[in-house]
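Protein chains in written order, with my numbering: chain A, 652 to 972; chain B, 652 to 972.
No residue lacks a Cβ here, since even glycine has one placed at the ideal position from N, Cα and C.
Everything numeric in this text was worked out from a predicted model, so none of it was measured.
Below is one structure, written out as structure tokens; the observations come after it.
2 protein chains.
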Amino acid sequence: MAVYTEVADDEMAAFVARYGIGELLAAKGIAEGVENSNYLLHTKQGVYILTLYEKRVKAEDLPFFVALMQHLADRGLNCPVPVRDSRGEALSRLAGRPAAIVTFLDGLSVKRPSAVHCAEVGRSLALLHQAGEGFGMERVNALSVPGWRPLAEQAGADADKVSPGLAKRVMAEIERHERSWPQGLPSGVIHADLFPNNVFFIGDKLSGLIDFYFACTDAFAYDLAICLNSWCFEADASFNLTKGQAMLAGYESVRPLIQAEVEALPALCRGSALRFLLTRLVDWLNVPPGALVKPHDPLEYDRKLAFHQRVGDARDYGLKR
Amino acid sequence: MAVYTEVADDEMAAFVARYGIGELLAAKGIAEGVENSNYLLHTKQGVYILTLYEKRVKAEDLPFFVALMQHLADRGLNCPVPVRDSRGEALSRLAGRPAAIVTFLDGLSVKRPSAVHCAEVGRSLALLHQAGEGFGMERVNALSVPGWRPLAEQAGADADKVSPGLAKRVMAEIERHERSWPQGLPSGVIHADLFPNNVFFIGDKLSGLIDFYFACTDAFAYDLAICLNSWCFEADASFNLTKGQAMLAGYESVRPLIQAEVEALPALCRGSALRFLLTRLVDWLNVPPGALVKPHDPLEYDRKLAFHQRVGDARDYGLKR
């Protein structure tokens, strides 16, 4: 979480004047998102977020993300809505970076989600999957199975410095998934990173979803597997079955899973734990000395992976069948 | 600029509930201030800033800063106002740090101040000095003459790695000021760090002053000297006489300088340039490798110092006499 690109207030005011959102009254760099620089803008018309896309986001992917937020918002999902400038463009440039202004969403993220929060997230995830129907663009999931081996190779033998035997454990998982990854499941737009910090609540009520910069076209049930990983485990890596039941029931109250998805769920959970283990591992091994940003602990997902390896079927996650 | 201490949204909500400012709707870590962690809070009643005081601010100084903001705001100065909790306390603790909530000020800081901005700052600085009258607390300026030699010793011979001969130049200045620093000038509360990033404007109109965490009891004209240094030089270290004239005229439109202050102004400007040269030098030499925060260039103040060394009298800064 950081602001990588500093923009002076008066340069910001000149930029904002091109959007029909009123005079800029205040601009604050906010410490949110590991990938981009974000500014909170207060104008005479309201509050907005300005994002400068740093190098980890590919410029060619931006039209997909911006069009997706517009598509989902048009279908009633509470997510940031891109604001268009006087030329009708939602994507622009500022300080040498691609930039966009989106609407601000009120709400607080939860650090320790309850089963009520998990039910809300499951329900909203299914609504997101439905709202994505008819979206005309596609984006390959760069962090699915074919992306895992290159990540493991990037970490290399250094993985064992993080935890003895990790390099071998990771490679065994990759080989397993390369052989038998579930195919042909219902697919469409998925969020692919719906962690607690990307979901807002006011009280116990879900108020919005943010950060669509990993969104892509992939199996809906894989998105659900990511949420089971990121919402339903306790700090000691034990799986909270009550939370899993709540999330799955919340999801199925909107979009019931088909039998193929139910059967695939353990593999999808196991694979998505590996995906976060791998990206965190590479970040962990590449943190510059003295950096203010502390990377996420990769071993959290090594411990979650150990749970998934012992799972029998989807009922172990709380699915009622 | 950074958030050093992360606080989860739900912990923040519990903390904010102790203040009578309405339910917390959003909390964002903002990248503002080198010394502390700041959060922008949106509640049902409005917008506030929560500050967690990191180790560079001494806990025993906090009652002075908080009482000062209250005193100045009570006298009509547009500065952050501390909010009191249900026990009537403005200072509290959160995440193991001293913490305070203050009101949010709209406005934008300017990167390239014009003469109009300088006139506004001069006028507001004099209003601040007047508003400080009757404030019952005192705080020694830890970064005045007696603090400079320890800073130079901390930098030591490494100063010459930043610029050849710098260690010797700095020591000659310190010795000069230790012998002949102006004494007995009109004194009271000064801001002591009124750089452009601590002053907000809406259009050309000054809308507020922030960051009172260097405020102390010292000569008013020293505060003015700090502003001449930080507002009236161009990027190439040339002094802009039009801006100097505007700032001094703005100041004197509220509080005319007495003869002793006029005579002391060159020494005060020279000394305050040295003060920022020294603190920046120490920060520059102590930046951890790979840190995201780029320290300010100490040599900017070495170049300003060279200007002050050639000054004859206060008219060279634009004072009309």
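Only those residues of the region 662 to 681 of chain B whose C-beta falls short of 9 Å from the nearest C-beta of chain A are listed: 662, 663, 664, 674, 675, 676, 677, 678, 679, 680 and 681. Looking from the CA of residue 800 of chain A, the closest CA among A:819, A:815, A:786 and A:813 belongs to A:819. Going by beta carbons, residue 802 of chain B and residue 811 of chain B fall outside the 8 Å limit. Secondary structure remark: continuous beta strand (DSSP E) runs of at least 3 residues inside the region 858 to 893 of chain B, in chain order: 867 to 870. Rounded to whole angstroms, the gap between the alpha carbons of residue 821 of chain B and residue 672 of chain A is 50 Å.
Its chain contains 833, 836, 870 and 872 as the residues whose beta carbon lies nearer than 8 Å to that of residue 915 of chain B, once the 5 sequence neighbours on both sides are disregarded; these appear in chain order. Contact between residue 733 of chain B and residue 753 of chain B is confirmed by a C-beta separation of about 5 Å, below the 8 Å threshold.
Here residue 906 of chain B is buried. Its C-beta has 16 or more other C-beta atoms within 10 Å. Taking a Cβ-Cβ threshold of 8 Å, none of the residues of chain B is close to residue 706 of chain A; the smallest such distance is about 15 Å.
Nearest CB-CB separation between residue 897 of chain B and chain A: not below the 8 Å threshold. At a cut-off of 8 Å between beta-carbon atoms, residue 660 of chain B makes contact with chain A. Boundaries of the alpha helix (DSSP H) harbouring residue 916 of chain A: 910 to 936, taken from the DSSP string.
Judged by DSSP secondary structure, residue 825 of chain B falls outside any beta strand (DSSP E) and instead within the alpha helix (DSSP H) spanning 817 to 831. Residue 837 of chain B is bridged by DSSP to nothing; it lacks a bridge partner. Among the residues of the region 688 to 700 of chain A, those with a Cβ less than 7 Å away from any Cβ of chain B are 691 and 693, in the order of the chain. Under the DSSP definition of a beta bridge, residue 736 of chain B partners with B:670. For residue 743 of chain A, the uninterrupted beta strand (DSSP E) run begins and ends at 743 to 745, by DSSP.
Burial check for residue 695 of chain B: the Cβ neighbour count within 10 Å stays below 16, so the residue is exposed.
Secondary structure at residue 852 of chain B: strand, using DSSP grouped into helix, strand and coil. In summary, residue 855 of chain A is exposed, with fewer than 16 beta-carbon neighbours lying within 10 Å of its beta-carbon over all protein chains present.
Between residue 887 of chain B and residue 815 of chain A, the alpha-carbon positions lie close to 55 Å from each other. Within the same chain, Cβ atoms closer than 6 Å to the Cβ of residue 677 of chain B are found at 693, the five residues on either side in sequence being excluded. According to the DSSP assignment, residue 751 of chain A belongs to the beta strand (DSSP E) that extends over 748 to 754.
Sequence-distant partners of residue 955 of chain B (beyond 5 residues in either direction) whose C-beta falls short of 7 Å from its own C-beta, in its chain, are 880, 884, 888 and 924. Excluding residues up to 5 positions away in sequence, 931 lie with their Cβ nearer than 6 Å to the Cβ of residue 947 of chain B in the same chain.
Listed along chain B, the residues sitting closer than 8 Å to residue 761 of chain A by beta-carbon distance are 659, 660 and 661.
Under a 10 Å Cβ-count criterion, residue 702 of chain B is classified as buried, with 16 or more other Cβ atoms of the shown protein chains found around its own Cβ.
Taking a Cβ-Cβ threshold of 9 Å, the residues of chain B close to residue 683 of chain A are 679 and 680, in chain order. If you check the CB distance, residue 902 of chain B and residue 776 of chain B come in under 8 Å. Under the DSSP assignment, residue 679 of chain A falls in the beta strand (DSSP E) whose first and last residues are 675 to 681.
The beta carbons of residue 720 of chain A and residue 863 of chain A sit closer together than 8 Å. Within chain A, the residues placing a beta-carbon under 9 Å from that of residue 757 of chain B are 676, 677 and 693, ordered along the chain.
Proximity of residue 853 of chain B to chain A, defined by a Cβ-Cβ separation below 8 Å, is satisfied.
Straight-line measurement puts the Cα of residue 910 of chain B at about 16 Å from the Cα of residue 904 of chain B.
For residue 962 of chain A, the CB contacts under 6 Å within the same chain, skipping 5 residues up- and downstream, are 917 in chain order. Assignment of beta-bridge partners to residue 703 of chain B by DSSP yields B:688 and B:750.
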